[in-house]
Amino acid sequence: MNDKTTRRVLILFLLIIAVFVAVAVLSVRNINRSVAASDWVNHTHAVILETEGLRSALYVGDGASHAYVVTGDARDKRSCVEALSDVDEHLQILAALTRTEPSQKEQVARIAVLVNRRSDFIRGVVAARQAAGPEAVRSMLAEDAGQPALKGIQGAVDKLKDDELGLLTERDTASFLQAQTVRWTVWTGVTLDFLLLAGTGWLVSDDIAARRRAAAVLTEANERLEAKVLERTAELASANGLLTTENLERRWANQGLEHQLRYNQLIINSINDLVFVITKATNISRVNPAVVRLTGHETHELIHVPFSSIARITGEGAPAMIDPIPQAMNAGHDLREQRAVIVDKLGREIPVRMALFPLRDRDKVVGGVVILQVVPSAETGKT
Amino acid sequence: MQKHILIVDDEPSIREVLESFLTQSGYRVTAVSTAHEAESVASRDVPNLVITDLQLEDSDGLEMIDRLKTLLPDTPMMLLTGVLFDPKVVRNVLNKKVSCYVDKLAPLSRIMEEVERLAGK
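Read top to bottom, the protein sequences are chains A and B.
Per this note's numbering, the first sequence starts with residue 1, numbered consecutively.
Per this note's numbering, the second sequence starts with residue 384, numbered consecutively.
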């Protein structure tokens with residue numbers, strides 16, 4: 001995977017994680033809010049319940065006091081006292097439940113004043129009945145006709161209850177909105193994450209496809225390269241073959257020439273007669289080993305030396321005025337069976353028979369071959 | 384199937400170059416230095432062509448060819464020698480004894496032409 005794609009995938013994964021974290025944070029916060037709202041709803045229900053309990057206990061106490069006034073039965077009195085005790089208890093609970101809510105606290109305080117005043121009145125009626133009989137409380141009850149205090153308390157309790165129910169509706173709406181927000185947050189986060197994951201998947205698959213394309217291109221390039229290498233190798237092998245053939249041809253040609261040269265040399269050197277090769281100017285250009293053996297001269301001492309300086313034709317009578325060798329060469333004639341002498345290194349003259357054969361190269365005389373045969377001593381008359 | 388060529392020459396350098404050249408050209412080559420060795424090889428591994436020098440250490444190339452012809456009547460014989468013969472001699476004498484005469488100054492390509500003609504490719 002190339003660096004660019006890796007960076008993009010990394011960024012997308014970071015975004016996915018960020019979305020997850022954001023959704024989690026928002027969800028936890030909304031859950032906390034829901035829990036708080038639930039606590040508050042429970043609290044509101046508790047306040048309403050206590051308010052109802054207070055009113056009920058107050059009515060029970062009031063009823064029991066009236067019964068006691070009529071019957072003077074101790075059981076009614078006890079019921080009255082217990083109901084008032086419940087009233088006190090409900091008041092204390094209500095005060096505790098609403099101590100952190102100023103408006104409710106104020107309402108509960110007003111209700112408490114009214115309820116305490118009524119409780120005191122009830123206790124006063126019960127005490128008067130117990131002390132002086134029914135007649136003693138008649139005037140008190142007459143003043144309480146229509147029970148205006150209870151109506152006042154009822155009104156205050158209803159107001160508190162209505163306020164609590166109103167808040168309950170308000171919190172319920174807020175709770176619903178929070179739940180909606182959580183739903184939206186979660187679904188939006190999940191959708192966003194799916195989109196990001198899809199994007200990541202697309203990036204990775206695109207990268208893999210690009211890699212496959214690159215691999216295919218590389219394979220194709222390799223195949224082309226391999227074909228070129230094979231082609232070039234074949235060319236090189238062919239060139240190498242040609243070079244080897246040329247080399248062998250050159251070696252063969254050299255060997256042929258060397259062989260030919262050696263063979264020719266062998267022929268000349270195998271002759272026991274003295275063989276001289278002379279130039280057109282009658283200078284010696286080559287001798288065979290028989291010359292070296294007979295004259296005692298080394299080969300290098302004889303090369304480029306005039307032939308006449310070591311051998312001359314003596315003829316049958318007086319020496320010729322003109323050397324016949326250049327004449328014969330110029331004319332292109334052979335000389336055969338010529339009497340001659342050769343002078344060795346010690347200055348001795350050795351009688352020989354000489355033959356001259358002009359060397360022709362493309363019909364031109366370019367030199368000559370002189371062959372000297374030593375005359376046996378019997379022929380010369382020497383002993 | 385590679386064609387078998389028997390080379391007979393007393394000069395190692397000649398044998399070496401010829402063997403390399405013919406092997407490179409796809410022939411199976413046996414190179415020997417004497418007529419005796421040549422006859423020994425020919426009796427156990429029949430060649431498709433015999434290439435021989437004229438002057439051998441233990442014999443004359445033409446004499447060896449005469450002996451080989453009794454053993455290998457259908458095998459072509461090439462005389463490859465440094466001894467340069469007159470064309471008339473080649474025509475009247477050598478061509479009656481050998482399938483082909485090539486002097487050692489001829490290029491290898493010329494030798495190959497004759498080898499392909501006599502032994503096939």
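Ideal Cβ placement from N, Cα and C applies to all residues, glycine included.
The structure displayed is predicted, hence computed values, not measured ones.
Item to check | Top-ranked residue by Cα proximity to residue 457(A), from 278(A), 289(A) and 279(A) | outcome: Nothing can be reported for residue 457(A), as the shown portion of chain A is limited to 1 through 383.
Checklist entry - Do you know how far the Cα of residue 388(B) is from the Cα of residue 365(A)? => result In the first sequence, the residue the question calls residue 365(A) occupies position 365. In the second sequence, the residue the question calls residue 388(B) occupies position 5. Rounded to the nearest angstrom, the two C-alpha atoms are 45 Å apart.
Next on the checklist: With a threshold of 7 Å between beta-carbons, can residue 404(B) be considered close to chain A, or not?
Outcome noted: What you label residue 404(B) is simply residue 21 of the second sequence in a count that begins at 1. At least one chain A Cβ lies under 7 Å of residue 404(B).
Item to check | Of the residues 322(A), 283(A), 313(A) and 323(A), the one placed nearest residue 306(A), counting alpha carbons only | outcome: Counting from 1 along the first sequence, the entry for residue 306(A) is found at position 306. When only C-alpha atoms are compared, the closest one is 283(A).
Next on the checklist: Would residue 391(B) and residue 435(B) qualify as a contact pair, given that the criterion is a beta-carbon distance under 7 Å?
Outcome noted: On the second sequence, residue 391(B) is found 8 positions in, with the first residue counted as 1. On the second sequence, residue 435(B) is found 52 positions in, with the first residue counted as 1. Closer than 7 Å, so yes.
Item to check | Beta-carbon separation (whole angstroms), residue 22(A) vs residue 189(A), contact threshold 8 Å | outcome: Within the first sequence, residue 22(A) is the residue found at index 22, counting from 1. Within the first sequence, residue 189(A) is the residue found at index 189, counting from 1. Rounded, the Cβ-Cβ distance is 7 Å, consistent with contact.
Item to check | CB of residue 97(A) within 7 Å of CB of residue 35(A), strictly | outcome: Indexing the first sequence from 1 puts residue 97(A) at position 97. Indexing the first sequence from 1 puts residue 35(A) at position 35. No, the pair does not count as a contact, with Cβ atoms beyond the cut-off.
Next on the checklist: Residues of the stretch 230 to 248 of chain A in Cβ contact with chain B at a cutoff of 8 Å, in chain order, please.
Outcome noted: Taking 8 Å as the upper bound on Cβ-Cβ separation, chain B lies near residues 241, 244, 245 and 248 of the stretch 230 to 248 of chain A.
Next on the checklist: Quick check on DSSP: helix, strand or coil for residue 268(A)?
Outcome noted: Position 268 of the first sequence holds residue 268(A). Note: residue 268(A) maps to helix in three-state DSSP.
Next on the checklist: Just to confirm the assignment, what range does the alpha helix (DSSP H) spanning residue 285(A) have?
Outcome noted: For this step, residue 285(A) is matched to residue 285 along the first sequence. Counting along the chain, residue 285(A) falls outside any alpha helix (DSSP H), though it belongs to the beta strand (DSSP E) covering 284 to 287.
Checklist entry - Which of the three DSSP states, helix, strand or coil, is assigned to residue 43(A)? => result Position 43 of the first sequence holds residue 43(A). Residue state, collapsed to three classes: helix.
Checklist entry - On the premise that residue 437(B) lies in contact with residue 443(B), defined as a C-beta separation below 8 Å, what is that separation, rounded to the nearest angstrom? => result The residue labelled residue 443(B) in the question sits at position 60 within the second sequence. The residue labelled residue 437(B) in the question sits at position 54 within the second sequence. Between residue 437(B) and residue 443(B) the Cβ distance is about 7 Å, and since that is below 8 Å, they are a contact.
Next on the checklist: Whether or not the stretch 480 to 490 of chain B and the stretch 405 to 417 of chain B are in contact is what I'm after, with contact meaning three or more pairs of Cβ atoms, one per stretch, closer than 8 Å; do they touch?
Outcome noted: Short answer: they don't touch.
Item to check | As assigned by DSSP and simplified to three states, the class of residue 201(A) | outcome: For the purposes of this step, residue 201(A) is taken as residue 201 along the first sequence, with counting starting at 1. Three-state result, residue 201(A): helix.
Next on the checklist: Against residue 465(B), what residues of chain A qualify as contacts under a CB-to-CB distance less than 8 Å, listed in chain order?
Outcome noted: Here the question's residue 465(B) lines up with position 82 in the second sequence. Within 8 Å Cβ-Cβ: 256, 259, 260 and 263.
Checklist entry - What residue range is occupied by the uninterrupted beta strand (DSSP E) comprising residue 373(A)? => result Counted from its first residue, the first sequence places residue 373(A) at position 373. Unbroken beta strand (DSSP E) run through residue 373(A): 364 to 374.
Checklist entry - Along chain B, in chain order, which residues have C-beta atoms closer than 7 Å to that of residue 251(A)? => result Within the first sequence, numbered from 1, the residue matching residue 251(A) stands at position 251. Near residue 251(A) (Cβ distances below 7 Å), the residues of chain B are 400.
Next on the checklist: Measuring only the C-alpha atoms, how far is residue 395(B) from residue 447(B)?
Outcome noted: Within the second sequence, the letter at position 12 stands for residue 395(B). Within the second sequence, the letter at position 64 stands for residue 447(B). Distance between residue 395(B) and residue 447(B), taken at the CA atoms: about 19 Å.
Checklist entry - What does residue 396(B) touch in chain A if you count any residue whose Cβ is under 7 Å from its own? => result Numbered from its first residue, the second sequence carries residue 396(B) at position 13. The contacting residues are 255.
Checklist entry - Which same chain residues, not among the five before or five after residue 374(A), have their C-beta less than 6 Å away from its C-beta? => result The residue labelled residue 374(A) in the question sits at position 374 within the first sequence. 352.
Checklist entry - Span of the alpha helix (DSSP H) holding residue 102(A)? => result Residue mapping note: residue 102(A) aligns to position 102 of the first sequence, counting from 1. Here the alpha helix (DSSP H) through residue 102(A) covers 102 to 132.
Checklist entry - From the beta carbon of residue 490(B), is the nearest beta carbon of chain A less than 7 Å away? => result The residue given as residue 490(B) occupies position 107 in the second sequence. With 7 Å as the cut-off, residue 490(B) counts as an interface residue toward chain A.
Checklist entry - I think residue 461(B) touches residue 408(B), with their Cβ atoms under 8 Å apart; what is that distance to the nearest whole Å? => result Position 78 of the second sequence, counted from the start, is the residue given in the question as residue 461(B). Position 25 of the second sequence, counted from the start, is the residue given in the question as residue 408(B). Actually they do not touch by this definition, with Cβ atoms about 15 Å apart.
Checklist entry - Is residue 368(A) closer than 7 Å to residue 358(A) when the C-beta atoms are compared? => result Counting from 1 along the first sequence, the entry for residue 358(A) is found at position 358. Counting from 1 along the first sequence, the entry for residue 368(A) is found at position 368. Yes, the pair counts as a contact, with Cβ atoms nearer than the cut-off.
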